[in-house]
Structure formats: structure tokens, C-alpha cells
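Notes follow once the structure below has been shown.
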Amino acid sequence: MNMFKKIVSCFCLFLIVIQLAYCQKGLSSSVYVEKQLLCALDKGPCDGLGRQIRSALPEIIGKNCQTCDNKQLANAKRIARFVQTKYPDVWNALVAKYAQPKN
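Take a look at the structure:
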């Protein structure tokens, strides 16, 4: 498996973590999600998953997931909708950080 596919797989794992956090409605789970988001913004410490998510965001946000297959693109869109809904300020900050400048 090439490196990009591993990164996108980890991003999909992040989606699962987010879904579990809201299914369980546990404080520790939502704290974990927020920790990953802070890592992605370089505003908090990163664990292994956080580093992989952070490295995937330039492709996912900056390049609109151009090299993603259909399943990866669907997962990326689902994560984006979740973050836009639950953490709109974080979403705006992620886009500002990872979107490629328009020429």
C-alpha cells in the first residue's frame, strides 16, 4: 500500500473515532476528537493518528482529494460535514491552514 493510501486509511480511522465519540457520548471520546483537531491545527500535541491526519489534510482540503478513490472521497466528505457541523470554527481554521492559495 502506498503512503497516500495509508494516510487516507488513517483519516478514515479518524472518522470511525469521531462516530464512536458521538455514539458513546462520552466526554473522554469528544476530548479525544478535539485533541486530534487541535493537533491538525498545530495547537496541541499529536499522537500517531493526529500526525497522520495532519499529513493527509493538504491532499484532502488543499487538493480536494484529487487522488482519492470514490470510497475515500465519500469518507472525506463525511468527515468534512461532521467537522463543519460540530466544529465550524475549527473547520474554517483547517481550510485557512490547508487550502491551496488561488492563483
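Just so you know, the sequence shown maps onto residues -23 to -1, 1 to 80 in mature numbering (1 follows the signal peptide of the UniProt record, and there is no 0).
By construction, the Cβ of each residue, glycine as well, lies at the ideal position given by its N, Cα and C atoms.
Q: Please report the residue range of the alpha helix (DSSP H) in which L34 lies.
A: 25 to 34
Q. Using DSSP with H/G/I as helix, E/B as strand and the rest coil, what is K74?
A. helix
(Q) One question on the structure: do L34 and Y75 come within less than 8 Å of each other, judged by their Cβ atoms? (A) yes
Q: Report the three-state DSSP secondary structure of V39 (helix, strand or coil).
A: For the record, residue 39 in the displayed sequence is Gly; it is not Val. G39: helix per DSSP, three-state reduction.
Q | Contacts around S5, its chain only, beta-carbon distance under 6 Å, and the 5 residues preceding and following it disregarded | A | Below a pLDDT of 50, predicted positions are generally treated as unreliable, and S5, at 48, falls in that range; the measurement from the model is reported next regardless. No residues qualify anywhere along the chain.
Q | Rounded distance between the beta-carbons of G27 and Q13, thought under 8 Å | A | 5 Å
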